[in-house]
Amino acid sequence: MSGANKLIEKILAEANSQAETVLAEAEQRAAEISAKGVKEAEAKKKSLLDNAKVQGEERKRRAHTIAELDARKAILAAKEQMIEDTFAQAIGRLQKVDKKAYEDMIYPMLLVAVETGTEEIIVAADDQERYTPELLEKANKALIAQGKQGKLTLSAETREVKGGFILRSGDMEINSSFDAILRMQRDRLEPDVAAILFA
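So the sequence shown is numbered by our numbering: it starts at 727 and just counts up by one.
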């Protein structure tokens, strides 16, 4: 039984309990009135019982509606957390690929992001060894072939980024870290991720 169903049952049970309490109080009051006159007491008893029944049903209906809304909110929050976890796992997997796969992924990203060819590449401390002289040389040759300067360098400065890189040219920076790219693409990717997770 799901948490949402348990919540609905609990609220319905409380509503039933309240309805029974209201009915019991109404019956007690009706008995007191009947001592004054059977005819008048029966009419009042019926009126009180009908009113209590209506109130009980209304409380039960409201409790059920609130329980359904709370359950929907809980389900939505759980789905949002699953989507968030999926994006975090994707970044984690990208960070853990082997050196060759990482270079194959980073190389075209560099060529697309570079504007002049004189930028500095800033990466996370753990990623510094992945940006080998061979990778930089390969990228610089490709940039020269594109008519750009082939003077990319790896900065000694590091940043707390989750994979990818930041390109700096003077005061301007282009954030091509994995988390920044996913953040920018999230609105486009989220419906597809949700469809896969919740199909």
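Beta carbons: idealized from backbone N, C-alpha and C, even for Gly.
query                                                                                                          : result
Inter-residue spacing [alpha-carbon to alpha-carbon] between residue 858 and residue 810                       : 32 angstroms
Whole-angstrom C-beta distance between residue 854 and residue 879, which should lie under 8 angstroms         : That belief does not hold up - the Cβ atoms of residue 879 and residue 854 are roughly 12 angstroms apart, past 8 angstroms.
Residues that residue 883 bridges to, as DSSP identifies them                                                  : Paired residues: none, contrary to the question.
Sheet register partners of residue 899 (DSSP bridge)                                                           : 894
Three-state class that DSSP yields for residue 845 in the structure shown                                      : coil
Exposed unless 16 or more other CB atoms sit within 10 angstroms - verdict on residue 849                      : buried
Buried versus exposed call for residue 903 [16 or more other C-beta atoms within 10 Å across all chains shown] : buried
Residue 821 and residue 889 closer than 8 angstroms at C-beta                                                  : yes
Within 8 angstroms, strictly: CB atoms of residue 875 and residue 842                                          : yes
Backbone secondary structure at residue 840 - three-state DSSP                                                 : coil
Given residue 922 as reference, the closest of 779, 812 and 899 once Cα atoms are compared                     : 812
Nearest-angstrom Cα separation, counted from residue 802 out to residue 835                                    : 35 angstroms
Cα-Cα separation between residue 863 and residue 900, rounded to whole angstroms                               : 21 angstroms
Member of 766, 751, 798 and 895 whose CA lies at the smallest distance from the CA of residue 845              : 895
Among 788, 785, 755 and 783, nearest to residue 772 - alpha-carbon criterion                                   : 755
Alpha carbon of residue 916 to alpha carbon of residue 868, nearest angstrom                                   : 34 angstroms
Where the alpha helix (DSSP H) through residue 823 begins and ends                                             : Where residue 823 is concerned, there is no enclosing alpha helix (DSSP H), given that its DSSP letter is neither H nor E.
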